[in-house]
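Chains A and B, in that order, give the protein sequences.
Each residue of the first sequence is one higher than the one before, starting from 1 at the first, in our numbering.
Each residue of the second sequence is one higher than the one before, starting from 1001 at the first, in our numbering.
The C-beta atom is built at its ideal place from N, Cα and C for all residues, glycine as well.
For reference, the structure discussed in these notes is given below.
There are 2 protein chains.
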Amino acid sequence: MDQQSPQLVDTLISARWIIPVRPENITLENHTIAIKDGVIIDILPSDEASDRYEATHGLDLPQHVLTPGLINAHGHTAMTLFRGMADDKPLQTWLEQYIWPAEAEWVDETFVHDGTQLAMIEMLRSGTTTFSDMYFFPNIVAKVVSDAGMRAQVSFPVFDFPTAWGQGPDDYIRKGLNVRDDFKHSELVNVVFGPHAPYTVNDDALNKVAMLAAELDTNIHIHAHETQQEVDDAIASTGKRPVERLNELGILGLRTQLVHMTALNDDDIQLVKESGSHIVHCPQSNMKLASGLCPVQKLLDQDINVAIGTDGAASNNSLDMFAEMRTAALLAKISANDAAAFSDWQALEAATLGGAKALGLDDQLGTLEIGKQADIIALDFSRIEQQPMYQPVSQLVYTACGHLVTHSWINGKPVLADREPATIDIAEVQAKARQWKEKINGERR
Amino acid sequence: MDQQSPQLVDTLISARWIIPVRPENITLENHTIAIKDGVIIDILPSDEASDRYEATHGLDLPQHVLTPGLINAHGHTAMTLFRGMADDKPLQTWLEQYIWPAEAEWVDETFVHDGTQLAMIEMLRSGTTTFSDMYFFPNIVAKVVSDAGMRAQVSFPVFDFPTAWGQGPDDYIRKGLNVRDDFKHSELVNVVFGPHAPYTVNDDALNKVAMLAAELDTNIHIHAHETQQEVDDAIASTGKRPVERLNELGILGLRTQLVHMTALNDDDIQLVKESGSHIVHCPQSNMKLASGLCPVQKLLDQDINVAIGTDGAASNNSLDMFAEMRTAALLAKISANDAAAFSDWQALEAATLGGAKALGLDDQLGTLEIGKQADIIALDFSRIEQQPMYQPVSQLVYTACGHLVTHSWINGKPVLADREPATIDIAEVQAKARQWKEKINGERR
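Here it is in structure tokens:
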């Protein structure tokens, strides 16, 4: 091939700013990303891009910033249909008087289908391209995600007790592994173990999860240390702190994501560090339910990987990862009594590369680097609310809300353009959300 | 007049939902607000409104919610031009190495003019109709506010030391009272005393402020108890806690707004309660600078009035009162270790009626009631991010960002329509913000 003739690629995206997350703390100006077969093959100054590449699709965003697609590392996606149904209640009241009864009454395949689609649209429209889910009917979640061309870690739940989706540990595990088999060739969906929490799964079942996860090289996603009460109750009933018990049962490890992780002492942190487990921090949910504080800066100082999740919309009440990043950065400072704790750069990294590491996907996702999958979002930074623009990363973390996201790509394919989802029918999903509200509200009054 | 013939009014606004704040905890559905001469003269079911009233202007908002215009009870408006200039720095470093040098170099009448306009557009576009400002060149602030038809309490600063706007206490007070005279007939601008903080104003000057404020029936707006360090330093240098000293100097009282108020003990709270002083809570600034926690629920339990402020954009970094309300509600719960603390209704009340009480304007503002000034905002609640709509107030506090605000009125006059400011030239202000960025950045590098 003649050296002068441009190389053919699928897509070229040019933008005023690009924050690639790696190299660290760098903002590129007037650069272009070249994408071929879903993969980033080059990032170069825009004035060189037109000589080097010819593209089937081109998009010029002269007032936008591009970042890696955000990774929402914990949620109960379908619970978006319960958004705002019960607020300002203590955790146990909220669970026992509102959420569990509502789940018992309403959660079925249709609920999970409609609720997951509702959540996916909200996530796409606020910059999330990959999410981690833990909910009933993971078979439906996996299918809905796959159909929409979105990316997800779908954890199947394991409980000691029966629910709408299973009878007990063995039943949940058997059904979950079937879903895993159905999606084992999926590029987008990764089905993993989701033992609900230390206090809802017995030793034998946790041990079985640990063994199977190791054998199948599969992730484990588990709530742990959500409240001081959980820790106190665990000590009273098992004689061990939850993390200590999880460690003894083989649950901790490089493939394990520990969600919430408040009320940690130095021994807990040491166990997490030695095991290589990942932390998923859900600041808004922890605040709203008065659960407790996750010591983010202390964990980072120990080189423990921290990801960020919104938790379900029933306890947040939005799935906007920009609000979550900001809250994470603000909460870390007041908790650590140090305004330099958990900087804007660190918050963005947790919401991108930190999430990718937690999900075991950092070879493919989490940064904008040559060789990685093209999961990219664009935010409109022309608005007056983002002026003056001294530091785009500061605007991203401290002033943006998800509404600024205009475009996103997953595996190089457009999934959001001018805020319109490309792969899910927004009008249909919105109509269904309204029907669910009428049905559920009708029952409650 | 024939009983059948409709009454002529200036404006009728009909909306799907109206949250009037008073009566408490009520959401009206399909109601209409009638406005005449800038005042709310009726709120009635929309299907009765067309028979009863004929309007010069009418607006039908079938998917919107109306609330009182928000009151941002503390800020340094012009500092919006320093937004994102210095993040993630401890308070003293931030002040001494970044903010004070930048102020010394850049703050003049033009800076204050341009920065205040920039902030006002952001505030209008995120639902604030009234704000409280404390900054240099209050003469400029007052004029810019008045020209834009916005509403503000403009406090003139008082310091022991010279700044760009004054030489010392007597000079600040003299200049400030001149500004007060210039605007004493303004319907929109209220010029008040703004002694900066207990540690920057001496006893004699504070005493003089207290006496003059009482004599002139004028408000006092002052930072106090921003950090534990401030309290410790005060005890070391004066032998008294800041609130104790302010009380002895006559500063506390029904006309006084105490901003920040972290590190409070029971005696402090008792002094605030007995004096009838108001608290202005700035949660995002307190978190970002790791200043401390204001015990909001404890103050409300003592019947102390609490308002909410964003503080300046240099330490927040946005002026979005919806983000501030949500953070206030979330932070109060984790601080009080009680998920029922500071509910969505309480957060909305603090951002409306609480602000009006603090500013001494609750006879005119803070609720949508007959006889009050028509300061009203409308938010588009048709979006998928607000579905399902079980409780509009929950969506307002826990899911909204300022971007949902589409319209606002001050004294019944439209100041924002379809997100476009009606009284300030947004393109011109944006261009100036970019010029300031080039100038300030040029100097810094």
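Could you give the C-beta distance for A374 (chain A) and G412 (chain A), rounded to a whole number, given that I count them as a contact under 8 Å?
One-based indexing of the first sequence puts residue 374 (chain A) at position 374. One-based indexing of the first sequence puts residue 412 (chain A) at position 412. At roughly 4 Å, the Cβ-Cβ gap stays under 8 Å, so A374 (chain A) and G412 (chain A) are in contact.
Considering only C-alpha positions, which residue in the set A:Q284, A:G292, A:I235, A:G176 is nearest to E226 (chain A)?
Taking the first residue of the first sequence as 1, we reach residue 226 (chain A) at position 226. Nearest C-alpha to E226 (chain A): A:G292.
Kindly list, in the order they appear in chain B, the residues whose Cβ is closer than 8 Å to that of N337 (chain A).
Position 337 of the first sequence, counted from the start, is the residue given in the question as residue 337 (chain A). Those are A1290, listed as they occur along chain B.
Any idea which residues DSSP pairs Y53 (chain A) with across the strands?
Position 53 of the first sequence, counting from 1, holds the residue named residue 53 (chain A). Answer is A:Q7.
Is the separation between the beta-carbon of N72 (chain A) and that of T218 (chain A) shorter than 9 Å?
The residue given as residue 72 (chain A) occupies position 72 in the first sequence. The residue given as residue 218 (chain A) occupies position 218 in the first sequence. No, the pair does not count as a contact, with Cβ atoms beyond the cut-off.
Please compile the residues from chain B whose C-beta is within a distance smaller than 7 Å of the C-beta of V191 (chain A).
If you number the first sequence from 1, residue 191 (chain A) lands on position 191. Near V191 (chain A) there are no residues of chain B at all, since even the closest Cβ is about 27 Å away, more than 7 Å.
Count the other CB atoms, across all protein chains shown, that sit within 10 Å of the CB of P1162 (chain B); report buried if there are 16 or more and exposed otherwise.
The residue given as residue 1162 (chain B) occupies position 162 in the second sequence. Exposed.
Quick check: what's the CA-CA separation for M1 (chain A) versus L365 (chain A)?
If you number the first sequence from 1, residue 1 (chain A) lands on position 1. If you number the first sequence from 1, residue 365 (chain A) lands on position 365. Only weak support is given to the placement of M1 (chain A): the predicted model assigns it a pLDDT of 46, under 50, and the value that follows is read from those uncertain coordinates. Rounded to whole angstroms, M1 (chain A) to L365 (chain A) spans 31 Å at the Cα level.
Look up V1192 (chain B) in the DSSP assignment and say whether it is helix, strand or coil.
Against the second sequence, residue 1192 (chain B) aligns to sequence position 192. The answer is strand: DSSP assigns V1192 (chain B) an E or B state.
By the three-class DSSP mapping on this structure, what secondary structure does D1060 (chain B) have?
Taking the first residue of the second sequence as position 1, residue 1060 (chain B) is located at position 60. Correct three-state label for D1060 (chain B): strand.
Ends of the beta strand (DSSP E) at H1113 (chain B)?
Start at 1 with the first residue of the second sequence, and residue 1113 (chain B) comes out as number 113. Segment 1109–1124 is the alpha helix (DSSP H) holding H1113 (chain B); no beta strand (DSSP E) there.
For my contact list, F1131 (chain B) and M1123 (chain B) are in at a C-beta cut-off of 8 Å; report their separation, rounded to the angstrom.
Looking up residue 1131 (chain B) in the second sequence gives position 131. Looking up residue 1123 (chain B) in the second sequence gives position 123. With 8 Å as the limit, F1131 (chain B) and M1123 (chain B) qualify as a contact, their Cβ atoms being about 6 Å apart.
Can you list, in chain order, the residues of its chain whose CB lies under 8 Å from that of D1362 (chain B), leaving out five sequence neighbours each side?
Numbered from 1 along the second sequence, position 362 holds the residue referred to as residue 1362 (chain B). Counting only Cβ-Cβ distances below 8 Å, and skipping sequence neighbours, we find L1353, A1356.
Would you decide whether T56 (chain A) is buried or exposed? Buried here means 16 or more other CB atoms lie within 10 Å of its CB.
Stepping through the first sequence from its first residue, residue 56 (chain A) is reached at position 56. It counts as exposed.
Kindly list the residues whose CB is nearer than 6 Å to the CB of L1066 (chain B), restricted to its own chain and excluding five residues on each side of it in sequence; keep chain order.
Residue numbering aside, residue 1066 (chain B) sits at position 66 when the second sequence is read from its first letter. The answer, listed in chain order, is A1015, I1018, I1376, A1378.
Close beta carbons around T1262 (chain B), own chain, < 8 Å, minus the five adjacent residues each side
Locating residue 1262 (chain B) in the second sequence gives position 262, counting from the first residue. Answer for T1262 (chain B): H1225, E1226, T1227, Q1228, N1286, S1291, G1292, L1293, C1294, listed in chain order.
Within chain A, partners of Q1391 (chain B) - CB distance below 7 Å
Mapped onto the second sequence, residue 1391 (chain B) falls at position 391. Under the 7 Å cutoff, chain A gives G84.
Quick one: which chain A residues come within Cβ less than 8 Å of L1118 (chain B)?
By 1-based counting over the second sequence, the position of residue 1118 (chain B) is 118. What L1118 (chain B) touches in chain A: I384, Q387.
Could you list the residues in the region 1429–1442 of chain B with a C-beta less than 8 Å from some C-beta on chain A, going in chain order?
V1429, Q1430, A1433, R1434, W1436, K1437, I1440, N1441
Cα-Cα separation between A1336 (chain B) and D1301 (chain B), rounded to whole angstroms:
Residue mapping note: residue 1336 (chain B) aligns to position 336 of the second sequence, counting from 1. Residue mapping note: residue 1301 (chain B) aligns to position 301 of the second sequence, counting from 1. Going by the C-alpha atoms only, they are around 12 Å apart.
Whether N207 (chain A) touches S1394 (chain B) by CB criterion (9 Å)
Taking the first residue of the first sequence as position 1, residue 207 (chain A) is located at position 207. Taking the first residue of the second sequence as position 1, residue 1394 (chain B) is located at position 394. The answer is no: Cβ separation not under 9 Å.
Interface partners of I426 (chain A) on chain B, CB under 8 Å
As a working note, residue 426 (chain A) is residue 426 in the first sequence. Neighbours of I426 (chain A) on chain B, chain order: I1384.
Do L1254 (chain B) and S1275 (chain B) count as a contact pair if the criterion is CB distance below 9 Å?
Here residue 1275 (chain B) refers to the residue found at position 275 when the second sequence is read from its first residue. Here residue 1254 (chain B) refers to the residue found at position 254 when the second sequence is read from its first residue. A contact, by the Cβ cut-off of 9 Å.
Measure from the C-beta of L1028 (chain B) to each C-beta in chain A and report whether the shortest distance is under 9 Å.
In the second sequence, the residue the question calls residue 1028 (chain B) occupies position 28. It does not; no Cβ of chain A falls within 9 Å.
Quick test of your reading: A1034 (chain B) and D1047 (chain B), contact by CB under 8 Å. State the CB separation rounded to the nearest angstrom.
Within the second sequence, the letter at position 34 stands for residue 1034 (chain B). Within the second sequence, the letter at position 47 stands for residue 1047 (chain B). Rounded, the Cβ-Cβ distance is 14 Å, inconsistent with contact.
Assign A347 (chain A) to one of three DSSP states: helix, strand, or coil.
What you label residue 347 (chain A) is simply residue 347 of the first sequence in a count that begins at 1. Helix, per DSSP.
The region 1337–1345 of chain B / the region 1094–1113 of chain B touching (three or more Cβ pairs under 8 Å)
no
Could you work out which residue in B:K1175, B:W1436, B:I1370 is closest to P1020 (chain B) when comparing CA atoms only?
Numbered from 1 along the second sequence, position 20 holds the residue referred to as residue 1020 (chain B). Of the listed residues, the one whose Cα sits closest to P1020 (chain B) is B:I1370.
Residue range of the beta strand (DSSP E) that includes Q1257 (chain B)
Indexing the second sequence from 1 puts residue 1257 (chain B) at position 257. 1256–1260 is the extent of the beta strand (DSSP E) around Q1257 (chain B).
Can the beta-carbon of T1077 (chain B) be found closer than 9 Å to that of G1312 (chain B)?
Here the question's residue 1077 (chain B) lines up with position 77 in the second sequence. Here the question's residue 1312 (chain B) lines up with position 312 in the second sequence. Yes, Cβ-Cβ distance for T1077 (chain B) and G1312 (chain B) is below 9 Å.
CA nearest to the CA of L348 (chain A), picked from A:S5, A:N25, A:M211:
Here residue 348 (chain A) corresponds to residue number 348 of the first sequence, with the count starting at 1. The shortest C-alpha separation from L348 (chain A) is found at A:N25.
Short Cβ contact (9 Å threshold) for D1380 (chain B) with T1406 (chain B)
For this step, residue 1380 (chain B) is matched to residue 380 along the second sequence. For this step, residue 1406 (chain B) is matched to residue 406 along the second sequence. For D1380 (chain B) and T1406 (chain B), yes; Cβs fall inside 9 Å.
Is S126 (chain A) close to chain B, meaning its C-beta is less than 9 Å from at least one C-beta of that chain?
Walking along the first sequence from the start, residue 126 (chain A) turns up at place 126. Chain B contact via Cβ: present.
Near D1203 (chain B), what residues of its chain come up, given a Cβ to Cβ distance below 7 Å and the 5 sequence neighbours on each side ignored?
On the second sequence, position 203 is the one that residue 1203 (chain B) refers to. Cβ neighbours of D1203 (chain B) beyond the five flanking positions: L1249.
Flag this pair as yes or no: are the beta carbons of N121 (chain A) and P414 (chain A) separated by less than 9 Å?
For the purposes of this step, residue 121 (chain A) is taken as the residue at position 121 of the first sequence. For the purposes of this step, residue 414 (chain A) is taken as the residue at position 414 of the first sequence. A small fix is needed here, since residue 121 (chain A) is Ile in this sequence, not Asn. Contact: no.
Quick check: is the beta carbon of Q1284 (chain B) nearer than 9 Å to any beta carbon in chain A?
As a first step, residue 1284 (chain B) is located in the second sequence; it is residue number 284 there, counting from the start. At least one chain A Cβ lies under 9 Å of Q1284 (chain B).
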